[in-house]
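Engineer:
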Amino acid sequence: MVEQGDMKLDRFKEILAAYGGDSSRWPEDERAAAEQLATTSDEAKELLACAGELDVLLSSTPTPAPASVAFLDKLASQPAPTVANQAVGTARTSGFAFGALFQILRAGGMMPRAAGLISACALGIVLGTSQLGRHHDNYLVVDASENLITNAGLMSDLKEID
Amino acid sequence: MTEHQDDNPESVSESGGLANAPDHELVARIANREQAAYAVLVYRHTDRYLAHAERVMGSRAEAEDIVQDSFIKLWTHAEGFDPARAKFSTWFYRIVLNRCLDRKRAKKPVALPEGYDAVDDSDNPSEALEEKQSGHMVRVHLMELPERQRAAITLCYFEGLSNKDAAEALEVSVKALESLLIRGRRALAANLKCEAGNLF
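Chains as they are written, first to last, in our numbering: chain A, 3 to 164; chain B, 13 to 212.
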């Protein structure tokens with residue numbers, strides 16, 4: 003708290019430059035001292051008169067309109083549905099991705115082969131993990147790959163492609 | 013809101029009691045997912061944060077987006093508010109302001125305010141003076157200030173925050189806030205070529 007009479011003109015200038023001429027905006031702990039200086043010093047009075055001009059211009063800017071009732075209602079009802087909608091949205095996105103994949107596979111007549119591939123993957127994983135205790139990791143990869151390729155009946159397909 | 017009130021009739025009477033609850037209590041209830049408390053805060057504070065965002069962004073549509081995002085953040089991060097460390101209003105100003113600044117950083121150059129038309133260089137000095145003194149022109153010059161200077165002026169001048177609260181919302185010291193204010197007001201005064209420029 004700055005005691006009355008302790009306000010220096012330089013600090014008074016800073017206060018005006020930062021907060022303008024309306025003393026209600028001045029720092030609370032310096033307000034009384036600054037107000038006293040403004041009544042006792044001619045120079046301070048002059049500075050204060052100048053500072054008010056920018057305040058007047060600022061106060062002439064249009065005040066933003068209050069929020070519309072529709073916006074307020076939307077905002078107030080928003081959080082729970084929004085969080086729920088995000089979860090639904092994610093599920094829908096995943097559902098869409100799987101649905102699209104299904105359509106592509108069906109259109110290409112690849113459903114039986116895809117089913118074989120999926121079951122082969124599953125079988126490969128089961129067989130591969132069952133050998134974890136007996137084989138080194140490098141061999142495990144080879145074993146699992148062999149299972150995948152053999153069970154999916156893809157060896158002949160690969161040869162055809164080659 | 014209606015849907016939730018229907019689901020839980022108790023919340024109707026409870027929200028009546030909540031209307032006078034202090035902000036920090038409402039935030040604590042929001043942390044427990046009480047939508048009625050959330051609605052009270054929305055109706056209580058939206059106007060001031062919307063006005064603040066509009067002044068910083070220069071666009072009503074963007075201000076609405078920002079306020080909406082900020083309230084969602086309040087819903088999902090209410091437990092992050094510590095009433096022992098800050099007032100709700102200051103804490104939430106910081107959330108809104110950070111969103112404004114993020115958005116401003118993401119899209120450069122700065123857009124002119126909605127409804128802004130380029131000023132016709134008039135040969136008539138009185139017309140030009142009138143234009144210069146209009147609130148519209150002041151708003152245009154406000155929008156030309158760097159975001160943090162504009163935010164500082166908005167918080168202290170238009171929102172009426174104390175220097176300490178404004179500094180906290182801007183996450184700077186009071187000294188740094190004063191520096192932002194002085195530079196902002198100096199630039200405004202120079203652009204508007206008003207007598208207040210003599211002060212600086």
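Don't be surprised by glycine CBs; every beta carbon is placed ideally from N, CA and C.
1. On a CA-only basis, which of R27/A, A36/A and Q80/A is nearest M9/A? Give me that one, please.
2. Grab the span of the alpha helix (DSSP H) containing Y55/B for me, first residue to last.
3. Assuming the contact rule is C-beta atoms closer than 8 angstroms, A40/A and L50/A should be a hit. Round their C-beta distance to whole Å, please.
4. Work out the CA separation of M149/B and V131/B for me, nearest whole Å.
5. First and last residue of the alpha helix (DSSP H) that includes T102/B?
6. Just to confirm my understanding: we take A178/B, look at its own chain, exclude 5 residues before and 5 after, and list those with CB closer than 6 angstroms. What are they?
7. Taking 8 angstroms as the CB-CB limit, is T58/B close to chain A?
8. Could you check how far apart the C-beta atoms of L86/B and L182/B are, in whole angstroms? I think they sit under 8 angstroms.
9. So if I threshold CB-CB distances at 9 angstroms, which residues from the segment 76–104 of chain B count as touching chain A?
10. Would you say L39/A reaches chain B, if we count a Cβ-Cβ gap shorter than 8 angstroms as a contact?
11. Under 8 angstroms: do the segment 103–118 of chain B and the segment 57–66 of chain B share three or more Cβ pairs, one atom per stretch?
12. Tell me the residue span of the alpha helix (DSSP H) that contains F14/A.
13. How many whole angstroms separate the CB atoms of A53/A and G23/A, which I take to be in contact at a CB cut-off of 8 angstroms?
14. Smallest Cα separation from T63/A: which of F93/B, A73/B, L62/B and R151/B?
15. Using a Cβ-Cβ cut-off of 7 angstroms (strictly less than) and excluding sequence neighbours within five positions of H153/B, which residues of its own chain qualify?
16. Taking the alpha-carbon positions, what's the S191/B to A49/B distance?
17. Do we get a CB-CB distance below 8 angstroms when we pair S25/A with the residues of chain B?
18. Note down the Cα distance separating Q161/B from F170/B, rounded to an integer number of angstroms.
19. Any beta carbon from chain B within less than 8 angstroms of S62/A's own beta carbon?
20. Applying a beta-carbon distance threshold of less than 7 angstroms, which residues of chain A neighbour G147/B?
21. In angstroms, rounded to a whole number, what distance separates the CA positions of E74/B and G29/B?
22. Output needed for L193/B: all residues of its chain with C-beta closer than 7 angstroms, excluding positions within five of it in sequence on either side, in chain order.
23. List the residues of chain B that E16/A touches, going by C-beta distances under 8 angstroms, in chain order.
24. Quick check on R197/B: does DSSP put it in helix, strand or coil?
25. Give the range of the alpha helix (DSSP H) segment to which F170/B is assigned.
26. Would a C-beta distance cut-off of 8 angstroms place F93/B and V52/B closer than the cut-off?
27. Between E46/B, R111/B, V184/B and A118/B, which lies nearest to E66/B when the distance is taken from Cα to Cα?
28. Rank D81/B, F100/B and Y61/B by C-alpha distance to the C-alpha of A33/B and give the top, closest one.
29. Just checking: is the beta-carbon of A181/B within a distance shorter than 8 angstroms of some beta-carbon in chain A?
30. Distance cutoff 8 angstroms, beta carbons only. Does R151/B sit that close to anything in chain A?
31. For S71/B, is the classification buried or exposed, using 16 other Cβ atoms within 10 angstroms of its Cβ as the cut-off for buried?
32. Would D62/B and P66/A qualify as a contact pair, given that the criterion is a beta-carbon distance under 8 angstroms?
33. Are P81/A and Q47/B closer than 8 angstroms when you measure CB to CB?
34. Between which two residues does the alpha helix (DSSP H) harbouring W87/B extend?
35. Mind pulling the chain A residues with CB within less than 9 angstroms of C168/B?
Structural biologist: According to the structure data:
1. Stepping through the first sequence from its first residue, residue 9/A is reached at position 7. The residue with the shortest Cα to Cα distance from M9/A is A36/A.
2. Position 43 of the second sequence, counted from the start, is the residue given in the question as residue 55/B. Unbroken alpha helix (DSSP H) run through Y55/B: Q47 to M69.
3. Translated into the one-based positions of the first sequence, residue 40/A becomes position 38. Translated into the one-based positions of the first sequence, residue 50/A becomes position 48. About 5 angstroms separates the two Cβ atoms, so the contact holds.
4. Along the second sequence, one-based indexing puts residue 131/B at 119. Along the second sequence, one-based indexing puts residue 149/B at 137. Residue placement at V131/B is flagged as unreliable, the pLDDT there being 48, under the threshold of 50; the coordinate-derived value follows with that caveat. Those two C-alpha atoms are separated by around 9 angstroms.
5. Working through the second sequence from its first residue, we reach residue 102/B at position 90. Note, T102/B: alpha helix (DSSP H), F100 to A118.
6. Residue mapping note: residue 178/B aligns to position 166 of the second sequence, counting from 1. Correct list, in chain order: L167, C168 and L189.
7. Reading the second sequence from its first residue, position 46 is the one you call residue 58/B. Taking Cβ atoms only, chain A reaches closer than 8 angstroms to T58/B, which makes this a yes.
8. On the second sequence, residue 86/B is found 74 positions in, with the first residue counted as 1. On the second sequence, residue 182/B is found 170 positions in, with the first residue counted as 1. So it is not a contact: roughly 19 angstroms between Cβ atoms.
9. E76, V79, Q80, F83, I84, L86, W87 and T88
10. Within the first sequence, numbered from 1, the residue matching residue 39/A stands at position 37. No, L39/A does not count as interfacial toward chain B.
11. yes
12. Translated into positions along the first sequence, residue 14/A becomes position 12. Run containing F14/A: L11 to Y21, per the alpha helix (DSSP H) assignment.
13. Here residue 53/A corresponds to residue number 51 of the first sequence, with the count starting at 1. Here residue 23/A corresponds to residue number 21 of the first sequence, with the count starting at 1. Indeed, because the Cβ distance is near 4 angstroms, the residues count as touching under 8 angstroms.
14. By one-based count along the first sequence, residue 63/A stands at place 61. Considering only alpha carbons, the answer is R151/B.
15. Within the second sequence, the letter at position 141 stands for residue 153/B. Once the five neighbours on either side are set aside, the close Cβ partners of H153/B are L200, N203 and L204.
16. Position 179 of the second sequence holds residue 191/B. Position 37 of the second sequence holds residue 49/B. Roughly 38 angstroms between the two C-alpha positions.
17. Here residue 25/A refers to the residue found at position 23 of the first sequence. False, the Cβ-Cβ gap to chain B never drops below 8 angstroms.
18. Counting from one through the second sequence, the residue named residue 161/B turns up at place 149. Counting from one through the second sequence, the residue named residue 170/B turns up at place 158. Each residue's alpha carbon lies about 13 angstroms from the other.
19. Counting from 1 along the first sequence, the entry for residue 62/A is found at position 60. Closer than 8 angstroms: yes.
20. Position 135 of the second sequence holds residue 147/B. Going along chain A in sequence order, the residues near G147/B (Cβ under 7 angstroms) are S62, T63 and P64.
21. Mapped onto the second sequence, residue 74/B falls at position 62. Mapped onto the second sequence, residue 29/B falls at position 17. Rounded to the nearest angstrom, the two C-alpha atoms are 33 angstroms apart.
22. Residue 193/B sits at position 181 when you count from the first residue of the second sequence. Here the set comprises A164, I165 and C168.
23. Counting from one through the first sequence, the residue named residue 16/A turns up at place 14. Going along chain B in sequence order, the residues near E16/A (Cβ under 8 angstroms) are E190 and I194.
24. Along the second sequence, read from residue 1 onward, the residue named residue 197/B stands at position 185. Helix at R197/B.
25. Looking up residue 170/B in the second sequence gives position 158. No alpha helix (DSSP H) holds F170/B; DSSP gives it neither H nor E.
26. Taking the second sequence and counting its residues from 1, the one referred to as residue 93/B is at position 81. Taking the second sequence and counting its residues from 1, the one referred to as residue 52/B is at position 40. No, they are not a contact pair.
27. As a working mapping, residue 66/B is identified with position 54 in the second sequence. Answer by Cα proximity: R111/B.
28. Here residue 33/B is taken as the residue at index 21 of the second sequence, counted from 1. A33/B has its Cα closest to that of F100/B, out of D81/B, F100/B and Y61/B.
29. In the second sequence, residue 181/B corresponds to position 169, counting from 1. No, its Cβ sits nowhere closer than 8 angstroms to a Cβ of chain A.
30. Working through the second sequence from its first residue, we reach residue 151/B at position 139. Chain A, which has a Cβ nearer than 8 angstroms to the Cβ of R151/B, makes this yes.
31. The residue you call residue 71/B lines up with position 59 of the second sequence. Per the 10 Å Cβ criterion, buried.
32. Looking up residue 62/B in the second sequence gives position 50. Looking up residue 66/A in the first sequence gives position 64. With the sequence shown as reference, residue 62/B is identified as Leu, and Asp is not the correct amino acid for it. In this structure, P66/A lies closer than 8 angstroms to L62/B by Cβ.
33. Along the first sequence, read from residue 1 onward, the residue named residue 81/A stands at position 79. Along the second sequence, read from residue 1 onward, the residue named residue 47/B stands at position 35. Yes, Cβ-Cβ distance for P81/A and Q47/B is below 8 angstroms.
34. Translated into the one-based positions of the second sequence, residue 87/B becomes position 75. Segment R72 to H89, the alpha helix (DSSP H) holding W87/B.
35. Residue 168/B sits at position 156 when you count from the first residue of the second sequence. What C168/B touches in chain A: A20, Y21, G22 and R27.
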